[in-house]
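To keep things clear, I will list the structure first and then write my remarks on it.
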Amino acid sequence: GELEPRLFSFNSPQGACPACDGLGHTDFFDPARIVTFPSLSLASGAIKGWDRRNGYYFAIIESLAAHYRFDPDTPWEALPAQVREVLLHGSGEEEIRFSYAMASGERAGKKVTKKHPFEGIIRNFERRWRETDSATVREELSRYRATQPCPECEGTRLRKDARHVFIGEGEQRAPIYRVSHITLGEALDYFQRLELRGAKAEIAARVINEIRQRLKFLNDVGLNYLSLDRSADTLSGGEAQRIRLASQIGSGLSGVMYVLDEPSIGLHQRDNDRLIATLQHLRNLGNTVLVVEHDEDMIRAADFCVDIGPGAGVHGG
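Mapping to our numbering: the sequence shown position 240 is 908, numbers consecutive.
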């Protein structure tokens with residue numbers, strides 16, 4: 669079918685990986701978190717909630733111990749690998765005789781025997797996570813969950829169709845998602861060197877020029893070390909502020925007042941000079957830029973300087 673822009677957006681149902689909904693990662697029950705104390709035995713609490721203090725679940729452990737001939741008092745790390753595998757992932761189709769103590773009703777306290785496969789502790793957690801409506805149960809189970817790159821899209825967040833679209837030719841040929849994995853500095857270098865021929869060049873010229881401009885703005889405000897796949901919630905306040913600044917420059921608006929709080933913080937001198945040039949460009953578009961700063965170069969570059977003090981807070985600042 670025809671390639672559309674939404675195919676390359678993980679925020680769109682048409683582009684997002686169906687396995688992770690475009691998040692790039694999936695949550696799973698992590699054996700390393702479930703077996704909290706591998707040096708302890710199952711009876712002593714290697715896995716919380718499945719020890720001697722929990723009659724129902726420990727009865728399951730005892731039935732498994734009788735079937736597979738292991739001792740619940742043996743430290744988890746000393747149990748055979750096959751036994752650990754069954755405990756965590758289940759017995760498959762192999763049926764096991766389980767003895768349960770009835771908790772209520774006329775037969776309370778009496779033992780009932782049933783024969784069926786064991787689902788496994790991880791499957792047990794997954795089922796309870798899926799079926800529960802209780803926030804408390806979810807909160808309890810969430811302690812055993814971890815995050816991993818989505819096995820389907822390998823963290824690219826895109827569906828298969830989008831992952832098989834390539835940019836460039838010859839040595840420059842690369843899958844489209846690769847651009848989001850490299851730094852903004854490397855991405856700008858890639859697009860500045862990108863050469864397309866014939867009809868492809870004519871079709872892509874305006875788009876590539878726009879990409880180059882936007883990447884240049886991001887590099888000019890000192891964000892060349894970030895990558896496009898960087899999660900927004902991991903950005904510092906200064907980084908987020910400079911990204912918004914770059915997007916404003918790209919919009920070409922005029923007659924706007926921008927208020928920036930110490931945008932130069934943490935910047936190398938070279939990047940600071942580029943940031944000052946960027947702010948001057950924003951001013952030259954017909955905007956007012958109000959900056960709270962302690963950097964001497966930034967202060968010297970200003971058209972007007974308002975010095976507030978002599979001290980902080982009630983003392984003038």
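Virtual Cβ for every residue (Gly too), placed ideally from N, Cα, C.
- Within the DSSP secondary-structure output, residue 979 pairs in a beta bridge with 984.
- According to the DSSP secondary-structure assignment, residue 780 is paired through a beta bridge with 768.
- For residue 860, the enclosing alpha helix (DSSP H) stretches over residues 852-861.
- Looking from the CA of residue 841, the closest CA among 827, 863, 849, 823 belongs to 863.
- Residue 710 and residue 789 have their C-alpha atoms some 12 Å from each other.
- Restricted to the segment 683-763, the alpha helix (DSSP H) segments that are unbroken, complete and at least 4 residues in length are 699-702, 723-736, 749-757, listed in chain order.
- In this structure, residue 914 lies away from residue 948, with their beta-carbon atoms at least 8 Å apart.
- Sorting 811, 787, 973 by C-alpha distance to the C-alpha of residue 701 places 811 at the top.
- Our two residues, residue 708 and residue 806, have alpha carbons roughly 26 Å apart in a direct line.
- In the structure shown, residue 676 adopts helical secondary structure according to DSSP, grouped into three states.
- Listed as beta-bridge partners of residue 835 by DSSP are 842.
- Membership of residue 813 in the beta strand (DSSP E) is indicated by the continuous run 813-817.
- Between residue 881 and residue 823, the C-beta spacing is not below 8 Å.
- At a Cβ-Cβ threshold of 8 Å, residue 886 and residue 852 count as neighbours.
- Of 764, 897, 754, the smallest CA-CA separation from residue 678 is found for 897.
- Taking the Cβ atoms as the reference, residue 920 lies roughly 7 Å from residue 953, within the contact range of under 8 Å.
- In its chain, beyond the 5 residues on either side, 766, 767, 768, 769 have a beta carbon closer than 8 Å to the beta carbon of residue 727.
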